[in-house]
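Heads up: take any position in the sequence shown, counting from 1, add 96, and you land on our numbering. The beta carbon of each residue, even a glycine, is placed where N, CA and C say it ideally should be. Presented below is the structure to which this report refers.
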Amino acid sequence: MSLRKTIAVVASAAALSVGLIGTAEAAPRVITYNSSGAAEFVAAVDAGANVWNTQLPNTLNLRKVTGPAHVTIVADNGWPRAQTTSLGRGRIWMGRLAVNEGHDTIRIAAHELGHILGLPDRRTGLCTDLMSGASAGTSCKNPNPNAAEKAQVVRNFGRTVTVKAETFQDAA
Ligand SMILES: [Zn+2]
């Protein structure tokens with residue numbers, strides 16, 4: 097490859113990466129969710145979405161819709177879980193088993209949305225961690241991501257990342 101061509105390739109790659117980062121920072125990424133199947137958890141799901149919108153207003157905007165959506169949220173009798181298909185897209189089950197044990201429904205919703213936003217489980221047992229999930233116990237009602245969790249979501253949306261199709265089974 098000639099020197100001139102090498103420089104051109106490097107320059108275009110740099111422009112591409114700057115463009116991606118600039119776009120992500122310039123406008124919140126709108127992620128629609130349809131919770132019409134979430135039964136008694138509709139209000140908790142809205143509150144969980146509002147947590148993320150309030151915590152990261154410049155990064156993302158979770159918006160409720162009644163039609164086709166990036167995220168489908170339903171209720172069932174299993175454990176809460178999330179299935180991602182890509183960053184910002186997937187399906188959430190608001191499982192009643194955890195609710196019946198006494199886990200907080202808004203924390204569950206915010207946690208499962210965290211998976212959709214590219215966060216993995218970290219079962220630290222700490223209530224200050226959103227992604228510690230059920231490991232923090234039923235007394236934990238904190239629905240807010242900590243600083244590191246928020247920073248990770250900002251990083252996820254600020255660059256091209258691959259969130260592979262995966263199911264997070266949230267049994268205790
Ligand atoms: Zn989880």
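DSSP bridge partner residues for residue i (one or two, in chain order)
| i | result |
| --- | --- |
| T263 | Q179 |
| W189 | V170 and R177 |
| K160 | Y129 |
Unbroken alpha helix (DSSP H) run spanning residue i, endpoints
| i | result |
| --- | --- |
| E136 | Counting along the chain, E136 falls outside any alpha helix (DSSP H), and DSSP gives it neither H nor E. |
| A230 | Here A230 belongs to no alpha helix (DSSP H), and DSSP marks it neither H nor E. |
| G210 | T201 to I212 |
| A243 | A243 to F253 |
Beta carbon of residue i nearer than 7 Å to that of residue j
| i | j | result |
| --- | --- | --- |
| A143 | I202 | yes |
| G214 | N252 | yes |
| A134 | A178 | no |
| Q221 | A205 | One point to set straight first is that residue 221 is Gly, not Gln, in the sequence displayed. No. Outside cutoff. |
| T181 | E262 | no |
| W175 | D266 | yes |
| T234 | G186 | no |
Open item on the list: Could you check whether the stretch 185–200 touches the stretch 151–158, counting it as contact only if at least three pairs of C-beta atoms, one from each stretch, sit closer than 8 Å?
Closed with: no
Open item on the list: Would the stretch 204–218 count as touching the stretch 230–241 if we require 3 or more Cβ pairs under 8 Å?
Closed with: yes
Open item on the list: Quick check on the contact list: which residues have their beta carbon closer than 6 Å to a heavy atom of ligand 1?
Closed with: H207, H211, D217, G229, F264 and D266
Open item on the list: So, does the stretch 163–173 touch the stretch 218–230, judging by three or more C-beta pairs under 8 Å?
Closed with: no
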